[in-house]
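What follows is a set of notes on a single structure, which appears directly below.
Residue numbers (my numbering), protein chains in the order written: chain A, 163 to 431; chain B, 100 to 487.
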């Protein structure tokens, strides 16, 4: 998903937009940007600084600077939860753990092998179960006897799920087992950072209440989730952009902009 | 007459067509012996007029043949090297020397011999500890190596020739250290990418030709005016890097790689061989004790039952602190090809050591595939954001 946040000089959010990312990153980046400008009732020329982050950061032709999602997430999470020490982000493509000290990112881990332990895993399995992704959380809350999913590979886990279905195991117990599997995989990775509270959980998967519960259970501590867990990276990018702009202005220096264009470009034209 | 290119231009030529020169030498009647890793004793080859040629893989070429004779869940570097062998790309070699560097290296040595059957083949069963008994054993193993070489060449290896070869290789080591000194200023005079190209070129030439080329490179680099820019200074540690792809990616993200602890770099070249009365003593010691690859077991105090973890780490890794200080390093990239057990097991300890001396580090695992490097970009960039 591609997200845009437009922030004013006081840190107020003027616009917040999300759209699906296709293979044509560049076109989509432009489209969501235009939508955000419309929402904020601003023209592109009125935007002082643009930071692009995430996997598509190099494909945003109108950005002044690229900063990794790790730095941006950390900044966004700190703005919402100043006492955060560990941030766990599970998105569609990857899962990451951030270690934060006094508001600064000091270490991080990312999954580097496959899609198990990411949102994609839940998407694939939800399709196999014939339920909507958004319904998984509520379904799992009814579970009384969750199953163990032993396979960490998405494809093999799917086969395991199908075998549970054919055994007549209730859907909620299978879904709760899946949430447990994805969570324990991510927690195992994040433990390398030595977990300390406050722990904040973000990313699209944090919208799934079942995973949030499983996360608390696996960590054995409270887990804080922002109201809009999808936007922390974009918020962080906007804050960093605001700081860079204000920093340059206070020193009387020009804002370090790149030549930018807001027009439709595609990979395939 | 066509002028032969010099210095770094020549280095780039060799880097992009590694076997060109040794094939010329072969056509002129010389014999070329391939070797894996850092453990085969090159001086013995040089002393018998054999041209040593380091066997590498190719991370830009998909592995298609090796998977029929090696499991896929082992070191992709070794798989790639064997793959090139099976595709005939090392057919020009007159022989191959391999050592018991790691388990996969050992198994692959015998597979190489079986499938490729080179005219000369020798396997050095290098010990895995540095204790006195192991040193003695290593010397005996080198005597066996000497015998097979004498049998293959029909010549006797005289201590005088061996001494000369040691001097020539020590000369190369001294020149490489001199080149590495040119990475100490800020900004460095030579990039990590260029340095790796020089190392690869040296491992593709007879020692004297390499020394001549190194002198040209050093002079050229010393005279540079429009050098590199000041950037975050990094040290890279870990398993083999024989292609510039990873280094180029890291340097492209806004860092200068100013020092390495890898086997196509300082690990291979920094320790000298001491000229002992029996030259084999100096060789056996250097190639077992002084080469610092994690395939060898080391401990601070032999035989002690209660270990002091930090003292142990210090005895094993304090050279990294020296490197960091002398090359003025801001951070360390620990990297390993996937399934490299020896480096994988070493990482937590190296990381603990670096943490203890306050040097930031990041660990990257990769597939020895140029195309698969992209996901590492975010990690490296984020690491640079964290430390600068």
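All C-beta atoms, glycine included, are put in the ideal place defined by N, C-alpha and C. As the structure is a prediction and not an experimental result, all values here were calculated from the model.
Check                                                                                                                                  : Outcome
Check whether residue 246 (chain A) and residue 259 (chain A) have beta carbons under 8 Å apart                                        : no
Distance between residue 354 (chain A) and residue 281 (chain B) (C-alpha atoms, nearest Å)                                            : 37 Å
At least 3 beta-carbon pairs within less than 8 Å: the region 365-385 of chain B vs the region 469-477 of chain B                      : no
is_contact[residue 283 (chain A), chain B] using C-beta, thresh 8 Å                                                                    : no
Cα-Cα separation between residue 331 (chain A) and residue 184 (chain B), rounded to whole angstroms                                   : 52 Å
beta-carbon residue 341 (chain A) near the ligand NAD non-hydrogen atom, thresh 7 Å                                                    : In terms of ligand content, the structure shown is empty, and the ligand NAD therefore cannot be addressed.
Extent of the continuous alpha helix (DSSP H) run through residue 435 (chain A)                                                        : No answer is possible for residue 435 (chain A): it lies beyond the span of chain A, which begins at 163 and ends at 431.
Closest by C-alpha distance to residue 338 (chain A), when choosing among A:300, A:365 and A:369                                       : A:300
Three-state class that DSSP yields for residue 412 (chain A) in the structure shown                                                    : helix
Three-state secondary structure (DSSP) of residue 278 (chain B)                                                                        : helix
Supposed close pair residue 436 (chain B), residue 174 (chain B) - CB separation, criterion 8 Å                                        : 6 Å
Any chain D beta carbon closer than 8 Å to residue 272 (chain A)                                                                       : Of the protein chains in the structure, A and B, none is chain D.
Touching by the beta-carbon criterion (3+ pairs, under 8 Å), the region 190-206 of chain B and the region 126-143 of chain B           : yes
Contact under 8 Å by Cβ, residue 154 (chain B) with residue 303 (chain B)                                                              : no
Contacting positions in the region 472-484 of chain B - beta carbon closer than 7 Å to chain A                                         : 474, 477, 478, 480, 481 and 484
Within-8 Å CB hit, residue 250 (chain A) to chain B                                                                                    : no
Residue 447 (chain B), enclosing alpha helix (DSSP H) - first and last residue                                                         : 440-455
Residues in the region 454-470 of chain B having any Cβ partner in chain A nearer than 7 Å                                             : 464
Neighbourhood of residue 388 (chain B) by C-beta distance below 6 Å, restricted to the same chain and skipping five residues each side : 229
Nearest-angstrom Cα separation, counted from residue 179 (chain A) out to residue 197 (chain A)                                        : 7 Å
Cβ-Cβ separation, residue 312 (chain B) to residue 110 (chain B) (assumed contact under 8 Å), whole Å                                  : 7 Å
For residue 394 (chain B), the three-state DSSP class (helix, strand or coil)                                                          : coil
Under the three-state DSSP convention, the category residue 427 (chain A) falls into                                                   : Because the pLDDT at residue 427 (chain A) is just 49, under 50, the model does not fix this residue reliably, and the value given afterwards should be weighed accordingly. Coil at residue 427 (chain A), not helix or strand.
is_contact[residue 401 (chain A), chain B] using C-beta, thresh 8 Å                                                                    : no
Exposure of residue 170 (chain B), with buried meaning 16 or more beta-carbon neighbours within 10 Å                                   : exposed
Residue 428 (chain A) versus residue 215 (chain A) - alpha carbon distance                                                             : Confidence at residue 428 (chain A) is low in this model, with a pLDDT of 45, below 50, so the placement of that residue is unreliable and no value is reported for it.
Residue-chain proximity (residue 314 (chain A), chain B), Cβ-Cβ < 8 Å                                                                  : no
is_contact[residue 408 (chain B), chain A] using C-beta, thresh 8 Å                                                                    : no
Buried or exposed by the 16-neighbour rule on C-beta atoms within 10 Å, applied to residue 430 (chain A)                               : Low confidence applies to residue 430 (chain A): its pLDDT is 42, below 50, so where it sits in the model is not reliable enough to give any reading.
Residue span of the alpha helix (DSSP H) that contains residue 123 (chain B), given as start and end                                   : 119-126
Between the CA atoms of residue 324 (chain A) and residue 333 (chain A) - distance to the nearest angstrom                             : 11 Å
Local conformation of residue 394 (chain A) per DSSP, three classes                                                                    : helix
Three-state class that DSSP yields for residue 402 (chain B) in the structure shown                                                    : coil
Delimiting residues of the beta strand (DSSP E) encompassing residue 231 (chain B)                                                     : Run containing residue 231 (chain B): none in the beta strand (DSSP E); it sits in the alpha helix (DSSP H), 231-252.
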